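Chemist: The structure follows.
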Amino acid sequence: MTVGAQTLERAAEVPAYRCHRVEVLRTTRLSPSFLRVTFGGEELSGFADKGFDQRIKVILPLPGGGITPLGDGDDWYQRWRALPEELRNPIRTYTARAVRPGSRELDVDFVLHGETGPASRWATHVSPGDRVVVVGPNAAHPGPVGGQEWAPPAGAAHLLLAGDETAVPAIATIVESLPGSVRATALLEVPEAADALPLDVRPGVNVTWLPREGARHGDLLIPAVRDVLSTLVAPDGTVAEAPLEDVDVDEEILWEVPESPEPSGSSASSNGGGLYAWLAGEAGMVKLLRRHLVQEAGIDRSSVAFMGYWRLGRSESA
Ligand SMILES: Cc1cc2nc3c(=O)[nH]c(=O)nc-3n(C[C@H](O)[C@H](O)[C@H](O)COP(=O)(O)OP(=O)(O)OC[C@H]3O[C@@H](n4cnc5c(N)ncnc54)[C@H](O)[C@@H]3O)c2cc1C
């Protein structure tokens, strides 16, 4: 057997994502809308620290407080689906804001949007000692673990990151990891001015906070993205290569990420001179941004990642 075959066999045996039983160590109120929950637990020693926009699933307690065990394998989701409804815990998607495997800690920044959903409700009342299960990347998995969409082509001339408050943890983690040589613009729409969080970024990374202060989702972000594009995209790069099919964000998930981004420079005239864009947040808003970038500004679809993180008026269905 070759080494490659052994690795493949091991990859099949060791799940890429696994359940980690954790408890709340502490909470930190970062701002009116953001609560950082620091989880701890022995099982976090095996939680992979992949950075960027690494997504995780948080399995929340049932109203009575219980969490139905789902085992340690990668069939956790099938097991969850097979449960009777009364034993099926709510599951929601979040971002690993910081992972400290050495001290067995994980930070997750929760947007507090009231008591309308199980995750926000849980975060509103959380106390040290509370337990959840976090499904996250497994450090023991020999291959790629997935769960990340940030994939700029090597040498992209400019990086554009735009999102609402739910994308702040991902964008913050990404921009804090960018080297000084990179030119990047981050536009972050948040509920209020006090939600502008301090970020540790290098020169060349420009961060703008856009406090909504009661305006609708996207009212500030969409024009801000347009303004940035008008300075980045050449007037001759205005035609999208392929027509953009419509996405009904109430019926389908808005999630379009380039599979293998072209190296920047190869299509400079159609992608704004090596622009790579990453956009996430409320799905209706992201749909409008997508239309603007691809259809109106003519940005090459292989240079953009669009992600509907949540949908106004809809619960996340696991
Ligand atoms: C890859 C990914 C990463 C994410 N990372 C984060 C993260 O790090 N931090 C974070 O806070 N969120 C994050 N989200 C968004 C989060 O999953 C959703 O906001 C989720 O719906 C919250 O669940 P809930 O139980 O509170 O509300 P749900 O039960 O899903 O929804 C209940 C109601 O609340 C509304 N709602 C949901 N979210 C919001 C919101 N933010 N503001 C106002 N109304 C809302 C819904 O429209 C619905 O009407 C991420 C989503 C994805 C897909």
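Residue numbers for the sequence shown follow my numbering, so the first one is -17 and each next one is one higher.
C-beta atoms are modelled at their ideal positions from N, C-alpha and C, and glycine is treated no differently.
The structure presented is a predicted model; accordingly, all values stated were derived computationally and were not measured.
Beta-carbon separation of Ala287 and Val210 under 7 Å?
Modeler: Position 305 of the sequence shown, counted from the start, is the residue given in the question as residue 287. Position 228 of the sequence shown, counted from the start, is the residue given in the question as residue 210. Not a contact, by the Cβ cut-off of 7 Å.
Chemist: Please determine if the stretch 175 to 190 and the stretch 46 to 66 are in contact, where contact requires at least 3 C-beta pairs separated by less than 8 Å.
Modeler: With a cut-off of 8 Å, the stretch 46 to 66 and the stretch 175 to 190 do not count as touching, because too few Cβ pairs lie within range.
Chemist: Is DSSP giving Pro14 helix, strand or coil here?
Modeler: The residue labelled residue 14 in the question sits at position 32 within the sequence shown. Coil, per DSSP.
Chemist: So, helix, strand or coil for His309, using DSSP?
Modeler: With the chain represented from -17 up to 300, any question about residue 309 goes unanswered, as that position is not in the structure.
Chemist: What are the boundary residues of the alpha helix (DSSP H) that includes Trp260?
Modeler: Walking along the sequence shown from the start, residue 260 turns up at place 278. From DSSP, Trp260 is part of no alpha helix (DSSP H) but of the beta strand (DSSP E) over 257 to 264.
Chemist: For Val150, which of helix, strand or coil comes out of DSSP?
Modeler: As a first step, residue 150 must be located in the sequence shown, where it is residue number 168. If DSSP states are grouped into helix, strand and coil, Val150 belongs with the helices.
Chemist: Given a cut-off of 7 Å, decide if Ala262 and Gly145 are closer than it, judged by their beta-carbon atoms.
Modeler: Along the sequence shown, one-based indexing puts residue 145 at 163. Along the sequence shown, one-based indexing puts residue 262 at 280. Going by C-beta atoms, Gly145 is nearer than 7 Å to Ala262.
Chemist: Take the Cβ of Arg0 as the centre, count every other Cβ of all protein chains shown within 10 Å, and call the residue buried at 16 or more, exposed below.
Modeler: Translated into positions along the sequence shown, residue 0 becomes position 18. Arg0 should be labelled buried.
Chemist: His274: which of Gly200, Arg293, Gly162 sits nearest, CA to CA?
Modeler: Taking the sequence shown and counting its residues from 1, the one referred to as residue 274 is at position 292. Answer by Cα proximity: Gly200.
Chemist: Could you give the first and the last residue of the continuous beta strand (DSSP E) run that contains Pro119?
Modeler: One-based indexing of the sequence shown puts residue 119 at position 137. From DSSP, the beta strand (DSSP E) with Pro119 extends over 113 to 119.
Chemist: Any idea which residues DSSP pairs Ala287 with across the strands?
Modeler: On the sequence shown, position 305 is the one that residue 287 refers to. Ala287 pairs with Trp260.
Chemist: Using a threshold of 6 Å, is the CB atom of Gly128 nearer than that to any non-hydrogen atom of ligand 1?
Modeler: Residue mapping note: residue 128 aligns to position 146 of the sequence shown, counting from 1. Outside the cutoff, so no.
Chemist: For the alpha helix (DSSP H) containing Arg63, list its first residue and its last residue.
Modeler: Translated into positions along the sequence shown, residue 63 becomes position 81. Start and end: 58 to 64.
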